[in-house]
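S.K.: Protein sequence lines, in the order shown, are assigned to chains V and G. First residue of the first sequence? That's 1 in full-length UniProt numbering, and the numbers climb one at a time after it. First residue of the second sequence? That's 1 in full-length UniProt numbering, and the numbers climb one at a time after it. Before I ask anything, let me first share the structure, which is written out below as structure tokens.
Number of protein chains: 2
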Amino acid sequence: MSTVLPSQTLGTALYQENFSLRSPLPLKNNYLWKIETGVVRTFTWLEDGTLVTTGLWGPGDLVGKALSTLDPYQIESLTHVQASLLPLENEQIRSEWLLNHLQQIEALIVIRSYRRVDMMLVKLLVWLGKRFGRAVETGNLIDLRLTHHDLAEMLGTTRVTVTRILGKLEEQGLIQRLQLQRIVLKEDELWHYEI
Amino acid sequence: MSTVLPSQTLGTALYQENFSLRSPLPLKNNYLWKIETGVVRTFTWLEDGTLVTTGLWGPGDLVGKALSTLDPYQIESLTHVQASLLPLENEQIRSEWLLNHLQQIEALIVIRSYRRVDMMLVKLLVWLGKRFGRAVETGNLIDLRLTHHDLAEMLGTTRVTVTRILGKLEEQGLIQRLQLQRIVLKEDELWHYEI
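Laid out in structure tokens, this is it:
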């Protein structure tokens, strides 16, 4: 479905498009996608197929090949996503977009630097909660449809390890797992997590 | 030692300063350091003191707090370094500086995503060689005074592991180790490294 849009802050949006779960957003030279609703991830991959996540992006964020130096590079919807295609011609890449990308990847490299995988996972959940969480009665809800496999990929660990640690965190009352991969964080408790 | 400099591409350099090995470059708000000679690294650290390298920078590169979103943040000379202090006032952060920073950290997160530490280390050496290497008769010389501990920190592994793998790479004729932590890469062979 494509709809002609009125002019945006960044030139004029060519059209708006809907993407279902786990669809690639087409890469077009000199265009950026502006996420209107939902969440996408950007990633590259290694020769052996290992996926390397470089960011998760939500409403208002701009993503596109011009905002990364990586090749291969892909954008994929994690949830249902509505995005506008914006032309870059006659437009300079703005510093604030790059700073936004720098912030994401700096956060990810810091998270991945914890020596213990449980600490990595706790830091990742807290970061996801801060960026994408929604306050609910029982805590902070992350509703991104991220599978254990996805979380493992973001940390360079195995699905089995993520499953084991999430189980432990739930036992300790630090998180609550709901259907459809949703996770509720008990943020105060997680903040003090150390063992 | 400080010397008044004529105007630079980025406003006017306030002064030039020399730093000996392993000295911190002072962080000043609204100023960037332009590296004239030598190599510095930028890093942050975790609560437990783990150091997280976010880039290595050589002649022509600009570094400063304004080009990172991390706090804490530090710049440290790896070699003898000469750098100019450049004011940022009335200057916008330019996209190309941020893209340069993005490129470094994207490269580092990709290198750290290899599942095997030997692959990480080979990729790191090849990357260092490409950025800072100098062609010598026997190969590509990396002369950065990076200790095994430094390399381990960049990969989130242990010094012992780095020492063991470097020994193995040398036995296989893929690198040659010289005094003062210098390494000569046999790049053609390393390019095909897989085991």
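Glycine is no exception: its CB is placed at the ideal position from the N, C-alpha and C atoms.
Does any C-beta atom of chain V lie closer than 8 Å to the C-beta of G/His-101?
M.R.: By this cut-off, G/His-101 is an interface position.
S.K.: Taking the alpha-carbon positions, what's the V/Asp-143 to G/Glu-17 distance?
M.R.: Roughly 51 Å between the two C-alpha positions.
S.K.: Could you check whether the stretch 66 to 86 of chain G touches the stretch 132 to 143 of chain V, counting it as contact only if at least three pairs of C-beta atoms, one from each stretch, sit closer than 8 Å?
M.R.: Output reads no: the stretch 132 to 143 of chain V does not touch the stretch 66 to 86 of chain G.
S.K.: Decide yes or no for the touch test of the stretch 108 to 115 of chain V against the stretch 168 to 183 of chain V: beta carbon pairs closer than 8 Å, at least 3 of them.
M.R.: In short, these stretches do not touch, since the Cβ pair count stays below three.
S.K.: Which residue comes first and which comes last in the beta strand (DSSP E) that contains G/Arg-134?
M.R.: Taken as a continuous stretch (DSSP letters only), the beta strand (DSSP E) holding G/Arg-134 covers 134 to 136.
S.K.: With 8 Å set as the bound, which would you pick, yes or no: does the beta-carbon of V/Ile-165 sit closer than that to a beta-carbon of chain G?
M.R.: Not closer than 8 Å to any Cβ of chain G, the Cβ of V/Ile-165 fails to qualify, so no.
S.K.: Should G/Glu-153 go down as buried or exposed, given a rule of 16 or more other Cβ atoms within 10 Å for buried?
M.R.: That one is buried.
S.K.: Report all residues from its chain with a CB closer than 8 Å to the CB of V/His-80; omit the five preceding and five following residues, and keep chain order.
M.R.: Within the same chain, V/His-80 has close Cβ partners Asn-18, Phe-19, Ser-20, Leu-21, Thr-37 and Gly-38.
S.K.: Which same chain residues, not among the five before or five after G/Pro-87, have their C-beta less than 8 Å away from its C-beta?
M.R.: The residues are Gly-11, Thr-12, Leu-14, Asn-30 and Tyr-31.
S.K.: Determine the DSSP secondary structure at G/Gly-139, reduced to helix, strand or coil.
M.R.: DSSP places G/Gly-139 in strand when its eight states are reduced to three.
S.K.: At which residue ranges does the stretch 3 to 89 of chain V contain complete beta strand (DSSP E) runs of 3 or more residues, listed in the order of the chain?
M.R.: Entirely contained in the stretch 3 to 89 of chain V, the beta strand (DSSP E) runs reaching 3 residues are, in chain order, 15 to 19, 31 to 37, 40 to 45, 51 to 57, 74 to 77 and 81 to 87.
S.K.: Grouping DSSP H, G and I as helix and E and B as strand, with all else coil, what is V/Leu-185?
M.R.: Residue state, collapsed to three classes: strand.
S.K.: Are the CB atoms of V/Gly-58 and V/Arg-131 nearer to each other than 8 Å?
M.R.: Contact flag set, yes.
S.K.: To the nearest angstrom, how far is the alpha carbon of V/Thr-157 from that of G/Gln-172?
M.R.: Approximately 29 Å, taken between the alpha carbons.
S.K.: So what does G/Ile-175 bridge to, in DSSP terms?
M.R.: DSSP output for G/Ile-175 lists G/Leu-185 as bridge partner(s).
S.K.: From the DSSP output, in three-state form, read off G/Arg-116 for me.
M.R.: If DSSP states are grouped into helix, strand and coil, G/Arg-116 belongs with coil.
S.K.: On the DSSP letters alone, give me the boundaries of the alpha helix (DSSP H) that V/Thr-146 sits inside.
M.R.: The sequence given here has Leu at residue 146 of chain V, not Thr. V/Leu-146 -> no alpha helix (DSSP H), and no H or E assigned at all.
S.K.: Considering only residues of the same chain and omitting the five flanking positions on each side of G/Leu-141, which have a CB-CB separation below 7 Å?
M.R.: So the list reads Gly-133, Arg-134, Arg-182 and Val-184, once near-sequence residues are dropped.
S.K.: Terminal residues of the continuous alpha helix (DSSP H) containing G/His-192?
M.R.: Segment: none, G/His-192 is in no alpha helix (DSSP H) and carries neither H nor E.
S.K.: With a threshold of 8 Å between beta-carbons, can V/Ile-75 be considered close to chain G, or not?
M.R.: False, the Cβ-Cβ gap to chain G never drops below 8 Å.
S.K.: Using a Cβ-Cβ cutoff of less than 8 Å, which residues in the same chain neighbour V/Gly-55 once the five nearest sequence positions on both sides are dropped?
M.R.: These residues qualify, in order along the chain: Arg-41, Thr-42, Val-63, His-101, Gln-104, Ile-105 and Leu-108.
S.K.: I need the straight-line Cα distance from G/Asp-61 to G/Ile-35, nearest angstrom please.
M.R.: G/Asp-61 and G/Ile-35: Cα-Cα distance of roughly 6 Å.
S.K.: Are the beta-carbon atoms belonging to G/Val-122 and G/Leu-27 less than 8 Å from one another?
M.R.: Contact flag unset, no.
S.K.: Within 8 Å of any Cβ in chain G, is that where the Cβ of V/Tyr-114 sits?
M.R.: So, interface residue.
S.K.: Helix, strand or coil for V/Ile-111, going by three-state DSSP, please let me know.
M.R.: If DSSP states are grouped into helix, strand and coil, V/Ile-111 belongs with the helices.
S.K.: From G/Leu-151 to G/Thr-50, what distance separates their C-alpha atoms?
M.R.: One C-alpha to the other measures close to 13 Å.
S.K.: Which whole-angstrom value is the C-beta distance of V/Leu-98 and V/Leu-124, which I expect to be below 8 Å?
M.R.: No, V/Leu-98 and V/Leu-124 are not in contact; Cβ-Cβ is about 23 Å, not under 8 Å.
S.K.: With a threshold of 6 Å on Cβ separation, who are the neighbours of V/Thr-44 within its own chain once the five nearest residues in sequence on each side are excluded?
M.R.: Contacts found: Val-52, Leu-70, Pro-72 and Tyr-73.
S.K.: Ordered along the chain, which non-local residues of its own chain (more than five positions away) have a Cβ less than 8 Å from that of G/Trp-127?
M.R.: Cβ within range, chain order: Ala-107 and Ile-111.
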